[in-house]
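In UniProt numbering, the protein residues as written are 1 to 313. For each residue, glycine too, the CB sits at the ideal point set by N, CA and C. Worksheet: the structure to be examined is printed underneath.
Structure representation (structure tokens):
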């Protein structure tokens with residue numbers, strides 16, 4: 001996915017218009033990951049689910065998402081290491097589960113893990129060893145011996161003793177739009193035209209001007225819809241002889257939407273554009289005859305304002 005001054009999206013992803021005015025959301029269909037049902041065996045590149053009839057890609061195994069109907073691709077015996085890896089820095093993974101407990105809550109006299117691995121005789125027997133470990137921040141006894149851990153927003157280094165600032169922005173979903181890592185913390189922000197919400201993580205579009213409501217542009221294999229968030233339909237473009245509509249882009253300045261119209265052959269695949277004056281309906285639909293190799297590389301702004309300025313009129 002790449003970002004132009006206006007808006008560019010890839011199939012299955014959605015982006016919000018970087019504009020101080022009315023937000024436009026473009027949605028393209030996300031290809032599904034269908035499981036292949038077979039009676040006996042799976043190919044070497046597939047993982048056999050426990051139901052013995054479903055095969056999935058081996059790349060989906062232990063990825064944190066249940067793809068097998070019975071969830072066997074994420075079972076602890078299949079993914080013995082992945083559970084611990086999903087815990088954040090300074091967290092303890094309760095054995096055989098997905099539960100993560102802050103290291104500061106180990107050996108505090110309160111059992112948090114079902115298996116009791118966060119408490120026990122080791123808390124008393126190994127506590128004195130912590131003073132000899134030389135941890136930069138903190139130390140706590142564990143079943144594996146005394147272990148160093150760090151303050152929040154810091155991560156234990158390879159030497160097992162020193163701590164370094166952890167980049168929370170590297171974790172997907174920390175902020176909904178912009179994320180800035182700071183020493184021991186992070187801050188979220190929003191692009192122009194959006195307001196940071198009370199949770200200090202998510203963003204909400206400013207409805208400016210207030211008399212023009214946000215509009216969704218939705219593309220699927222049959223048509224392109226312009227609709228209000230309430231579900232009321234504004235207008236529809238129904239492409240002819242198309243198998244799929246991809247690479248949609250929108251220019252707020254020109255009130256123009258462009259998309260790749262995929263035909264039955266390469267010769268029938270074209271770049272098309274249409275204006276949406278006042279965001280109230282599609283007009284002036286036209287075809288742009290350029291090389292097929294440029295279809296996915298060109299943003300609507302490049303087409304209407306740069307390489308092909310006459311088409312923006």
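Residue range of the alpha helix (DSSP H) that residue 124 falls in? 122 to 125
Give me the Cβ distance between residue 143 and residue 104, rounded to the nearest whole Å; I'm assuming they're in contact under 8 Å. About 17 Å separates the two Cβ atoms, so there is no contact after all.
What would DSSP say about residue 130, mapped onto helix, strand or coil? helix
Is it right to say residue 212 is buried, meaning 16 or more other beta carbons lie within 10 angstroms of its own, or is it exposed? exposed
Can you confirm whether the segment 139 to 154 touches the segment 123 to 131 when touching is taken to mean that 3 or more C-beta pairs between the two stretches lie within less than 8 Å? yes
Give me, in chain order, the residues of the same chain whose beta-carbon lies closer than 6 Å to that of residue 32; leave out the 5 immediate sequence neighbours on both sides. For residue 32, the predicted structure reports a pLDDT of 46, less than 50, and the residue's modelled location is therefore unreliable. A value from the coordinates is still provided. Taken in chain order, the list of residues that qualify is empty.
Figure out for me which residue from 237, 134 and 159 has the closest Cα to the Cα of residue 218. 237
Take residue 175 as the anchor and find which of 167, 183 and 188 has the nearest alpha-carbon. 188
Taking a contact to mean a Cβ-Cβ separation below 7 Å, would you say residue 70 touches residue 47 in this structure? no
Where residue 275 falls, given that 16 or more other Cβ within 10 Å makes a residue buried: buried
So residue 282 packs on residue 235, CB below 8 Å; how close in whole Å? 5 Å
Whole angstroms is fine: what's the gap from residue 5's alpha carbon to residue 194's? Bear in mind that a pLDDT of 38 at residue 5, under 50, signals an unreliable position, so the number given afterwards is only what the model happens to contain. About 16 Å.
Looking at residue 94 and residue 107, is the spacing between their C-beta atoms short of 7 Å? no
Using the Cβ count rule (16 or more neighbours within 10 Å means buried), how would you classify residue 225? buried
Residues in the same chain with beta-carbon distance under 6 Å from residue 89, minus the five sequence neighbours each way, listed in chain order, please. 155 and 166
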